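Protein chains: 2
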Amino acid sequence: MLSMRPIGRVRSPYTTTLEVPKGLGAKHQVEGTLEIDPEFEPGLQDVEGFSHLYVIWSFDRSEGYELVGAPPTDSRPHGVFATRSPRRPNPIGLTVVEVLGREGRLVRVRGVDMLDGTPILDIKPYLTSVPSEHLRRGWLAEAEARDAAKPE
Amino acid sequence: MLSMRPIGRVRSPYTTTLEVPKGLGAKHQVEGTLEIDPEFEPGLQDVEGFSHLYVIWSFDRSEGYELVGAPPTDSRPHGVFATRSPRRPNPIGLTVVEVLGREGRLVRVRGVDMLDGTPILDIKPYLTSVPSEHLRRGWLAEAEARDAAKPE
């Protein structure tokens with residue numbers, strides 16, 4: 203068994219799962235805030251240089267799991283690992299959000315699909331596969347540019 | 203605190219972190235296997251319809267964390283949430299892998315950057331932003347096609 207603890211909470215306009223858009227063509231354009239606990243604030247240094255972040259979080263209002271079930275996007279059943287169902291063996295959620303700005307331990311983002319108060323477990327830079335015209339890679343792009351400019 | 207348990211293990215050619223390509227321009231083309239525990243095999247139904255999967259795993263050979271540090275890609279320090287450092291408050295790893303095939307509870311994949319024996323916590327379909335010519339969306343594309351073909 204592994205123990206995880208929240209590093210902060212999501213602030214979202216959604217308070218029940220019924221409010222979160224689901225199913226085919228659902229768009230997540232809602233703004234929210236990643237409110238990181240004060241002790242972890244130093245870990246946010248430079249996240250604002252990325253256009254997008256992965257947020258790894260916990261489905262804290264989901265109970266139990268179902269290995270095969272029909273998601274809202276289909277009437278046919280699928281394995282839970284082929285869906286984004288909240289009823290998973292480990293209730294881990296994953297959302298790609300767009301960074302709007304940071305003020306200290308508060309990261310304003312677009313694209314939340316979590317409920318208000320959702321525990322955040324981790325944040326990582328999103329590096330792959332956003333269409334390049336929309337991608338900013340923060341300090342990594344700067345580091346690459348410095349690397350390329352080095353004399354041989 | 204939240205308790206998580208492994209749903210399986212990664213089989214990878216890497217046995218030490220020194221072998222895993224890191225830094226600017228590192229390519230992860232190595233093949234490996236997601237070996238899911240027998241009790242969770244039904245949850246894999248239809249994962250083979252997706253071109254790519256997210257694998258959420260645990261840095262089980264990492265100890266402690268560092269909120270600010272210099273990654274192998276840069277000599278300058280950054281917050282841990284702006285890097286993929288293994289030394290994180292919650293030691294969660296995230297890898298996008300390409301699906302090569304599935305035989306029962308074994309999913310063959312390309313793109314592993316985990317060590318052999320790494321505990322897997324979750325698997326999810328990768329739906330966003332792989333260039334569309336490389337993306338297959340499995341049952342979701344079929345469900346959308348059926349939905350579009352419905353009489354009004």
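Order-wise, the sequence lines are chains D and S. Its first residue numbered 203, the first sequence is counted upward by one per residue in our numbering. Its first residue numbered 203, the second sequence is counted upward by one per residue in our numbering. A virtual CB, placed ideally from N, CA and C, is assigned to each residue, including glycine. Every value quoted in this text rests on a predicted model; they were computed, and no experiment measured them.
Does S:Pro223 pass the burial test, meaning 16 or more other C-beta atoms within 10 Å, or should it be called exposed?
The residue you call residue 223 of chain S lines up with position 21 of the second sequence. Exposed is the call here.
With 16 as the cutoff for other CB atoms within 10 Å, does S:Leu368 come out buried or exposed?
Here chain S comprises residues numbered 203 to 354, so residue 368 of chain S is not present and cannot be evaluated.
Check the Cβ of D:Arg207 against every Cβ in chain S and list those closer than 8 Å, keeping chain order.
As a position in the first sequence, residue 207 of chain D is number 5, starting the count at 1. Neighbours of D:Arg207 on chain S, chain order: Met203, Leu204, Pro291, Asn292.
Hey, out of D:Trp259, D:Asp324, D:His230, D:Ser260, whose CA is closest to S:Leu269's CA?
Counting from one through the second sequence, the residue named residue 269 of chain S turns up at place 67. Ranking D:Trp259, D:Asp324, D:His230, D:Ser260 by Cα distance to S:Leu269 puts D:Asp324 first.
Nearest to S:Arg312 (by Cα), restricted to the options S:Pro208, S:Leu204, S:Gln231:
Against the second sequence, residue 312 of chain S aligns to sequence position 110. Of S:Pro208, S:Leu204, S:Gln231, the residue nearest in Cα terms is S:Gln231.
So what does DSSP say about S:Leu296, is it helix, strand or coil?
As a first step, residue 296 of chain S must be located in the second sequence, where it is residue number 94. Look at S:Leu296 here: in three-state DSSP terms it is strand.
Three CB pairs or more closer than 8 Å across the segment 285 to 292 of chain S and the segment 233 to 253 of chain S:
no
Have a look at D:Arg286 and S:Pro279 and give me their C-alpha separation to the nearest angstrom.
By 1-based counting over the first sequence, the position of residue 286 of chain D is 84. By 1-based counting over the second sequence, the position of residue 279 of chain S is 77. The alpha-carbon atoms of D:Arg286 and S:Pro279 are separated by roughly 34 Å.
Based on DSSP bridge pairs, tell me the residues matched to S:Gly245.
Position 43 of the second sequence, counting from 1, holds the residue named residue 245 of chain S. Answer is none; S:Gly245 lacks a bridge partner.
So, is S:Ser277 buried or exposed, given that buried needs 16 or more other C-beta atoms within 10 angstroms?
Numbered from 1 along the second sequence, position 75 holds the residue referred to as residue 277 of chain S. With fewer than 16 other Cβ atoms within 10 Å, it is exposed.
With burial defined as no fewer than 16 other Cβ atoms inside 10 Å of the residue's Cβ, what is the status of D:Met203: buried or exposed?
In the first sequence, residue 203 of chain D corresponds to position 1, counting from 1. Counting every other CB atom within 10 Å of its CB across the protein chains shown gives D:Met203 a total below 16, marking it as exposed.
Would you list, in chain order, the members of the segment 224 to 249 of chain S that have their beta-carbon closer than 7 Å to a beta-carbon of chain D?
Against chain D - using a Cβ distance shorter than 7 Å - the residues of the segment 224 to 249 of chain S are Leu226, Phe242, Pro244, Gly245, Leu246, Gln247, Asp248, Val249.
What does S:Arg286 touch in chain D if you count any residue whose Cβ is under 9 Å from its own?
Taking the first residue of the second sequence as position 1, residue 286 of chain S is located at position 84. Chain D residues near S:Arg286: Lys326, Pro327, Leu329.
Along chain S, which residues have their Cβ under 7 Å away from the Cβ of D:Leu308?
Taking the first residue of the first sequence as position 1, residue 308 of chain D is located at position 106. By Cβ distance, chain S contributes nothing, its closest Cβ being about 13 Å from D:Leu308, past 7 Å.
S:Ser214 CB to nearest chain D CB: under 8 Å?
To locate residue 214 of chain S, count along the second sequence from 1; it is residue 12. So, not an interface residue.
Smallest Cα separation from D:Leu308: which of D:Pro327, D:Phe242, D:Gly271, D:Trp259?
If you number the first sequence from 1, residue 308 of chain D lands on position 106. Out of D:Pro327, D:Phe242, D:Gly271, D:Trp259, D:Phe242 has the C-alpha closest to the C-alpha of D:Leu308.
Check D:Thr219 in the structure and name its three-state DSSP category.
Position 17 of the first sequence, counted from the first residue, corresponds to residue 219 of chain D. Note: D:Thr219 maps to helix in three-state DSSP.
S:Ser260: buried (16+ other C-beta within 10 angstroms of its C-beta) or exposed?
Reading the second sequence from its first residue, position 58 is the one you call residue 260 of chain S. Burial call: buried.
Do S:Glu237 and S:Arg310 count as a contact pair if the criterion is CB distance below 8 Å?
Numbered from its first residue, the second sequence carries residue 310 of chain S at position 108. Numbered from its first residue, the second sequence carries residue 237 of chain S at position 35. Result no, Cβ atoms of S:Arg310 and S:Glu237 do not sit closer than 8 Å.
By DSSP, does D:Phe283 sit in helix, in strand, or in coil?
Stepping through the first sequence from its first residue, residue 283 of chain D is reached at position 81. In the three-state DSSP reduction, D:Phe283 falls in the helix class (H, G or I).
In this structure, does DSSP put S:Gly271 in helix, strand or coil?
As a position in the second sequence, residue 271 of chain S is number 69, starting the count at 1. Judged by DSSP in its simplified three-state form, S:Gly271 adopts strand.
Alpha carbon to alpha carbon, how far is S:Thr235 from S:Arg304? Give it in angstroms, no decimals.
Locating residue 304 of chain S in the second sequence gives position 102, where the first residue counts as 1. Locating residue 235 of chain S in the second sequence gives position 33, where the first residue counts as 1. Rounded to whole angstroms, S:Arg304 to S:Thr235 spans 9 Å at the Cα level.
What's the gap between the Cα of D:Val301 and the Cα of D:Ala272?
The residue you call residue 301 of chain D lines up with position 99 of the first sequence. The residue you call residue 272 of chain D lines up with position 70 of the first sequence. Taking the straight line from one Cα to the other gives about 32 Å.
Selection from S:Phe283, S:Asp239, S:Phe252, S:Thr217 that minimises the alpha carbon distance to S:Arg263:
The residue labelled residue 263 of chain S in the question sits at position 61 within the second sequence. The candidate whose alpha carbon is nearest that of S:Arg263 is S:Thr217.
Taking CB distances under 8 Å as the criterion, tell me whether D:Ser264 reaches chain S.
Counted from its first residue, the first sequence places residue 264 of chain D at position 62. Not closer than 8 Å to any Cβ of chain S, the Cβ of D:Ser264 fails to qualify, so no.
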